[in-house]
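Have a look at the structure below, then the notes.
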Amino acid sequence: MELLQSDRLTADQRRFFDRHGWLVLDGALPPEARGALDRWVHEVSRPPAPGDSRLHYFEQTDRGRALCRTERYIEDHAGLGSLITAGVLPEIAGELLGEAAVLYKEKVNYKQPGGAGFAAHQDATAYAFIERHVTCMVAVDEMTRENGCLEFSPFAGRALLPENGEGCVDTVVAAKLEWRPVEVGAGGVVFFTSYVPHRSGPNRTARPRRALYLTYNAAAEGDRRAAYYAERDRVIGAAGAGETARISTIGHFQGKAG
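Per the working numbering: the sequence shown = residues 1 to 258.
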């Protein structure tokens, strides 16, 4: 394995990530991508045309049916595809992994007004085929406590906490953890391990709160993206082929899918 050498992260940033399990990088996104992000996400939120790859998932809110997630969209959008698969984001992911990184999965979470949050969980419970992975969250909109920003519990290492049978951290265990809200501005970036416990609340504001979630795995484990989406379709069904009872392979979503 060839270790990566990069000056994108400082020694203090690496130590923070290793100690806590996440790292906020407000200035990581290239300016041209920051300026186009809102438009790009609006474009992939549209219904897919024949031959498109993306999958849309919906939830029932007090305001009606709302789009809550889009998966598998890099084939449908050149701008997002380039941002996600080349340049600074996979390079930082590789630095954190200690070797080159490849994309495992990509999604947009749309927390519409009234949109539900996610229970405490560790992403590693949802990721088949790989063991070494890191996720990059890119805030399309400002993320605050009021609209359901990410909350982390500091956690170093690669252990799984007791869970509830649905892939979420056991509620008794989660209640004893220290939780830290991580608010970021539009265009901010947060990297986090797949073992750090995290959760988020509902969107209590009148504006949507959108974010990209990009998961990368160590290149030594291979390109497993196609295998992941085939397994995802097997477990929960592809959106558009009938109603689905869930939006993820684990039961952390606290809303009503459909």
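Glycine included, C-beta positions come from ideal geometry on N, C-alpha and C. As the structure is a prediction and not an experimental result, all values here were calculated from the model.
If you draw a straight line from the Cα of Ala206 to the Cα of Gly114, it comes to about 8 Å. Counting along the chain, no beta strand (DSSP E) covers Tyr127, and no H or E run does either. Beta-bridge annotation (DSSP): Trp22 is paired with Phe192. Residue environment analysis places Asp18 among the exposed positions, since fewer than 16 neighbouring C-beta atoms fall within 10 angstroms of its C-beta. Secondary structure within the segment 83-111: the beta strand (DSSP E) runs of 3 or more consecutive residues, fully enclosed, are 101-111 (chain order). With contact defined as three or more Cβ pairs closer than 8 Å, the segment 144-159 and the segment 96-103 are not in contact. Going by beta carbons, Leu89 and Ala186 fall outside the 9 Å limit.
Asn109 and Tyr213 do touch by the CB rule: their CB atoms are close to 6 Å apart, below 8 Å. In its chain, beyond the 5 residues on either side, Val108, Val140, Arg210 have a beta carbon closer than 7 Å to the beta carbon of Val41.
Boundaries of the beta strand (DSSP E) around Thr215: 209-218. The Cβ-Cβ distance between Glu71 and Arg65 does not fall below 9 Å. With a minimum length of 4 residues, the unbroken runs of alpha helix (DSSP H) contained wholly in the segment 11-86 fall at 11-20, 31-44, 78-85. Residue range 198-200 is occupied by the beta strand (DSSP E) that includes Arg199. Contact between the segment 114-129 and the segment 195-202 is present: three or more C-beta pairs spanning the two stretches fall below 8 Å. Put simply, the backbone Cα of Ile236 is about 14 Å away from that of Arg69. Inter-residue distance for Asn217 and Leu23 is about 17 Å (C-alpha atoms, whole angstroms).
Remark: C-beta atoms of His252 and Cys168 approach each other more closely than 9 Å.
Counting the other Cβ atoms within 10 Å of the Cβ of Val172 gives fewer than 16, which makes it exposed. Boundaries for Val138: no alpha helix (DSSP H) harbours it, while the beta strand (DSSP E) harbouring it runs 133-139, taken from the DSSP string. Rounded to whole angstroms, the gap between the alpha carbons of Val134 and Pro50 is 32 Å. The beta-carbon separation of Pro30 and Gly87, rounded to 7 Å, stays under the 8 Å limit for a contact. Comparing alpha carbon positions, the residue from Arg224, Pro202, Leu80, Leu25 closest to Asp38 is Leu80. Beta-bridge analysis with DSSP links Glu163 to Val169.
Annotated three-state conformation of Glu151 is strand, per DSSP.
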